[in-house]
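Asker: Be aware that the sequence shown starts at 485, since it is given in the working numbering, and climbs by one per residue.
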Amino acid sequence: MKKIAIAGFGTVGGGIAHLLRDNQKVLADNAGENISLGAILVRTMKADSEFAHLMTTDFTTIEQDEDICLVAEAIGGVDVPFEIACRTLKAGKGFVTANKALVAEKGHILHALAKEHNVPFLFEAAVGGGMPIIRPIRTSLSSTGINYVYGILNATSNFILSEMDKGNTYDQAVKEAQARGYAEADPSADVDGIDSARKLAIILAMITGKKTSPDDIRTVGITALKDTCGGRVKLLARAAVKDDGVHAEVSPVLVDEDSLMTCVKSDRNGIVVRGEGSVETAYFGVGAGAIPTASAVLSDVVEAIRRPVYSDECAWGAEELKVLPWTDSELAEYRS
Ligand code: HSE
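(1) Please state if the CB of G693 and the CB of G801 are separated by a distance shorter than 9 Å.
(2) Could you give the distance in angstroms between the alpha-carbon of A536 and the alpha-carbon of D542?
(3) Can you find the residues in the same chain that come closer than 6 Å, C-beta to C-beta, to D679, ignoring five residues on each side of it along the sequence?
(4) Of the residues E517, D727, Y632 and A663, which one's Cα is nearest the Cα of E647?
(5) Does the beta-carbon of V781 have 16 or more other beta-carbons within 10 angstroms, so that it is buried, or is it exposed?
(6) Please state the DSSP three-state secondary structure of N753.
(7) Rounding to the nearest angstrom, what Cα-Cα distance links E817 and A723 in this structure?
(8) Just the Cα atoms here: how many angstroms apart are K806 and A774?
(9) At the level of alpha carbons, what is the spacing between A575 and T495?
(10) For the ligand HSE, I want to know if L684 counts as a neighbour, meaning its beta carbon is within less than 8 Å of at least one of the ligand's heavy atoms.
(11) Hey, out of C798, N583, G578 and N507, whose CA is closest to I691's CA?
(12) Does the beta carbon of F605 sit closer than 9 Å to a beta carbon anywhere in chain B?
(13) Going by the CB atoms, is the gap between V717 and P736 shorter than 9 Å?
(14) Quick one: measure Cβ to Cβ for N753 and G613, integer angstroms, because I've assumed they're closer than 8 Å.
(15) Counting Cβ pairs, one atom from each stretch, are 3 or more of them under 8 Å apart for the stretch 524–536 and the stretch 486–494?
(16) Indicate, with yes or no, if the ligand HSE has a heavy atom lying under 8 Å from the CB of S641.
(17) Less than 8 Å between the CB of A588 and some heavy atom of the ligand HSE, yes or no?
(18) I'd like the span of the alpha helix (DSSP H) that includes I593, first residue to last.
(19) Looking at the strands, I want to know which residues DSSP matches up with V737.
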């Protein structure tokens with residue numbers, strides 16, 4: 485029996501608790517051990533929750549519980565999760581997260597700490613929600629030099645564009661995205677492309693082994709769009725890896741009529757990864773939401789239990805990647 489803790493009990497944290505409760509057998513079969521929930525870190529206690537008996541507002545109890553082997557973080561933001569991540573790793577426990585801001589900003593530090601304490605640090609859910617992309621890059625494509633990626637990495641803005649395809653205005657589409665729980669009350673991180681830039685930065689750090697700052701990636705969102713040209717305008721995250729750096733951008737793009745991206749609608753994410761020797765692979769899945777994201781988090785929990793040590797496949801260090809603008813020559817060379 486392996487005991488884990490969840491930090492955060494919002495949409496994703498709640499999804500992890502429910503999926504862990506409902507999928508015990510498949511998780512045990514795949515992990516090789518039963519997995520139980522030992523504690524949930526919350527900001528305020530929720531007495532009416534079925535998980536109330538597991539809740540604590542004091543991380544020290546989790547940190548000092550020797551039976552808890554791993555913390556799955558779904559708090560959001562950077563400062564508090566970073567402190568929790570550091571304390572978890574230093575306590576010799578694995579750390580799994582869905583938090584792209586944390587991984588994009590502090591991933592290199594967390595990799596170093598995980599290595600020092602020889603414990604897993606995994607973040608499949610941080611990019612693409614339920615769409616697998618971290619593990620394919622880490623393992624399946626490890627024999628291929630990756631030189632081009634393009635994709636839709638934000639479910640909220642893709643949902644908004646799909647609503648606009650149906651004839652709704654941008655404002656109506658944002659309201660619908662909020663009503664369905666995709667968009668926050670302040671949707672700016674999604675619609676301004678910031679969320680996509682963080683996810684692209686994580687992918688680039690993994691491909692190049694260098695720290696990539698999302699702030700260095702030219703980022704244009706969807707707020708000024710009036711027309712989606714029949715579903716062909718997509719908020720794309722694109723990067724071409726070159727010897728002298730990476731040309732990267734997040735922006736609305738009129739994709740080719742036969743592009744795989746035209747099939748990526750609503751809350752779906754999709755990404756194409758092109759490698760050397762014409763190796764081209766594509767990934768697709770639900771990009772946000774409680775259960776898709778929780779299922780990605782729990783896939784990391786399973787991996788961490790099967791292999792409870794640090795793994796440096798696609799780790800990155802503190803050296804900064806040089807990010808170059810996306811120019812007309814890349815436009816001509818790379819089709820999306
Ligand atoms: N806000 C994010 C999105 C959540 O809409 O894609 C998943 O990372």
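All C-beta atoms in this analysis are idealised placements derived from N, C-alpha and C, irrespective of residue type, glycine included.
Answerer: This is what the structure gives:
(1) yes
(2) 14 Å
(3) N638 and A673
(4) A663
(5) buried
(6) strand
(7) 12 Å
(8) 35 Å
(9) 27 Å
(10) no
(11) C798
(12) This model lacks chain B altogether; it includes just one protein chain.
(13) yes
(14) 6 Å
(15) yes
(16) yes
(17) no
(18) K584 to H601
(19) K718
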